[in-house]
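A.B. asks: Sharing a structure here in C-alpha cells format.
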DNA sequence: CTTGACCTTGAAGTGGCTTCAAGGTCTTGA
DNA sequence: TCAAGACCTTGAAGCCACTTCAAGGTCAAG
C-alpha cells in the first residue's frame, strides 16, 4: 500500500506519516522500484496506535516509550500503567491551571460589567495593575 | 533604565523584551551612545500590561488588539469586554476538551487495573483498537 | 588592565505538525 | 501515443511564544 492509502486508512495526512518516520515513531517503509514508500498491515496497526495516543494528547516521547515497552518481549505492563497514570496527571494539572485561569478572567471581567470610557474600564485597569507573578508557569506538554 | 533592569522589574527575561520589540508589542526603545536600549516608566507600564495578559494566556494577537484599543483616543471599552469574553470562551472550551480527555484516559486506565502480561494488557489493547476520530481537534491557542 | 557583569545581533531549537516549492511517476482516456 | 492530472519524492519554511547559543562589544570595580 502506498502512503496515500495508508494515510486515508489511518485518517491522517501523508505528510504526518513521513514526519513520524523521520521522528522514529514509525519504522521506515520498504521502497518500490519507483522509490515510493510501500506499507503493510503492521504499519497500519502501529500508525493507528500512534494516532490514538495523539488523540489522547500524549507527547511523542510518551508514545515512543509506550512503543518500546510494547516491543519488549518479556515485560509486564506495570510500566505502561505508570506512564498512563502520569499522563492523566498531566491532564489533571492542566485542567486545574485552566480552571484557576478562568476564575481570574471572570473576576477581571466583572470589573467592567458595561460599556464605559476607556480610562475607567475596570478590565484595562486590572490588566495594568495585576501582579503577573501570581499565576504559576505551565508544567506539562498540554499547553 | 537598561534592558536588564526593566526585565527584573517586569519579572521576565531581557530576551523576551527584545522579542516583544521585534513583534511590535513593545515600542522600540531609544538607544544610549553605546547602543544599549534605554527605557522609561512608560515602557515598564506597557510591559507589565503585556505580561499580565500573557499570564492570562492571551495570544499576542489578542494583546495587540487590546493595546490598539487602549491607544484609541475616543473609544469606549465595549470591544475590550468582547475580547475578554471571547478569551474566556477559549479557556472554557479547552477545559471541556481536557475534561473529556481525562474521562477517556481514566476509562482506558481501568482496562488494566493491575500488572499483567503485555499481550493481555487492557491499556495497550485499548490504544490499539480505539477509534481516533472520536475526539475532536483543538480549536484555540490554549493547547 | 583584567575580570566579569552586562549589553548587542542573528540564528537555531522547542513540539507536532502543515504548507510550499520543485520536481518525478503512474494511470486514464482521447 | 501522449497529455492531463493524481499521486509520489525531498527539503525547507511557517506556526507560537519564547529560550538558548554563539560571537562579539561596553563598562564599572579592584
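Residue numbers (my numbering), protein chains in the order written: chain U, 31 to 173; chain X, 31 to 173.
Idealized CB from N, CA, C, for every residue including glycine.
Using 8 angstroms as the threshold, is the C-beta distance between residue 86/X and residue 131/U below it?
C.D. replies: Yes, they are a contact pair.
A.B. asks: Shorter than 8 angstroms from the beta carbon of residue 132/X to some beta carbon of chain U?
C.D. replies: So, interface residue.
A.B. asks: Between the beta-carbon of residue 76/U and the beta-carbon of residue 162/X, is there less than 8 angstroms?
C.D. replies: Cβ distance not < 8 angstroms, so residue 76/U and residue 162/X don't count as in contact.
A.B. asks: So with Cβ pairs under 8 angstroms, would you call residue 65/U a contact of chain X?
C.D. replies: Closer than 8 angstroms: no.
A.B. asks: Please report the Cβ distance between residue 128/U and residue 121/X, rounded to the nearest whole angstrom; I am assuming they are in contact, meaning their Cβ atoms lie under 8 angstroms.
C.D. replies: Sure, about 6 angstroms apart at Cβ, within 8 angstroms.
A.B. asks: Determine the contact status of residue 59/U and residue 69/U, defining contact as a CB-CB distance below 8 angstroms.
C.D. replies: Closer than 8 angstroms, so yes.
A.B. asks: Thinking just about the alpha-carbon of each residue, which of 148/U, 96/U and 55/U is nearest to the one in residue 114/U?
C.D. replies: Selected option, being the one with the closest Cα: 96/U.
A.B. asks: At the level of alpha carbons, what is the spacing between residue 133/X and residue 126/X?
C.D. replies: Their Cα atoms are separated by approximately 11 angstroms.
A.B. asks: Could you name the residues of the same chain whose beta carbon sits closer than 6 angstroms to that of residue 62/X, not counting the 5 residues immediately before and after it, in chain order?
C.D. replies: Counting only Cβ-Cβ distances below 6 angstroms, and skipping sequence neighbours, we find 68.
A.B. asks: Strictly under 8 angstroms for the Cβ-Cβ distance: is residue 73/X near chain U by that measure?
C.D. replies: Not one chain U Cβ lies under 8 angstroms of residue 73/X.
A.B. asks: Would you decide whether residue 156/U is buried or exposed? Buried here means 16 or more other CB atoms lie within 10 Å of its CB.
C.D. replies: Answer is buried; the Cβ neighbour count reaches 16.
A.B. asks: Quick check on DSSP: helix, strand or coil for residue 58/X?
C.D. replies: Correct three-state label for residue 58/X: coil.
A.B. asks: Please go through the same chain and pick out, in chain order, the residues whose beta-carbon is closer than 6 angstroms to the beta-carbon of residue 31/U, but skip the five residues on each side of it.
C.D. replies: Excluding sequence neighbours, residue 31/U sits near 69.
A.B. asks: For residue 110/U, collect the residues of the same chain with a Cβ closer than 6 angstroms to its Cβ; drop the 5 residues on either side in sequence, then sort them by chain order.
C.D. replies: Around residue 110/U: 99.
A.B. asks: Comparing alpha-carbon positions, which option in 81/U, 104/U and 103/U lies nearest residue 93/U?
C.D. replies: That would be 81/U, whose Cα lies nearest to the Cα of residue 93/U.
A.B. asks: Between residue 142/X and residue 41/X, what straight-line distance do the alpha-carbon atoms span, to the nearest angstrom?
C.D. replies: Going by the C-alpha atoms only, they are around 45 angstroms apart.
A.B. asks: Name the chain U residues that come within less than 9 angstroms of residue 105/X, Cβ to Cβ?
C.D. replies: Near residue 105/X (Cβ distances below 9 angstroms), the residues of chain U are 147 and 148.
A.B. asks: Against residue 153/U, what residues of chain X qualify as contacts under a CB-to-CB distance less than 8 angstroms, listed in chain order?
C.D. replies: Within chain X, the residues near residue 153/U are 107, 110, 111 and 114.
A.B. asks: Taking the alpha carbon of residue 55/X as the point to measure from, which residue in 65/X, 74/X, 38/X and 66/X has its own alpha carbon closest?
C.D. replies: Of the listed residues, the one whose Cα sits closest to residue 55/X is 74/X.
A.B. asks: Quick test of your reading: residue 152/U and residue 148/X, contact by CB under 8 angstroms. State the CB separation rounded to the nearest angstrom.
C.D. replies: Going by Cβ atoms, the distance from residue 152/U to residue 148/X rounds to 58 angstroms, so no, they are not a contact pair.
A.B. asks: Tell me, please, whether the CB atom of residue 55/U is closer than 8 angstroms to any CB atom in chain X?
C.D. replies: Taking Cβ atoms only, chain X never reaches closer than 8 angstroms to residue 55/U, which makes this a no.
A.B. asks: Quick check on the burial criterion: 16 or more other C-beta atoms within 10 angstroms. Buried or exposed for residue 102/X?
C.D. replies: When all chains shown are included, residue 102/X counts as exposed.
A.B. asks: What separation, rounded to the nearest whole angstrom, lies between the Cα atoms of residue 44/U and residue 158/X?
C.D. replies: Distance between the alpha carbons of residue 44/U and residue 158/X: 20 angstroms.
A.B. asks: Assuming residue 117/X contacts residue 88/X (C-beta within less than 8 angstroms), just tell me the rounded distance between them.
C.D. replies: About 6 angstroms separates the two Cβ atoms, so the contact holds.
A.B. asks: How big is the Cα-Cα spacing for residue 66/X and residue 124/X?
C.D. replies: The alpha-carbon atoms of residue 66/X and residue 124/X are separated by roughly 42 angstroms.
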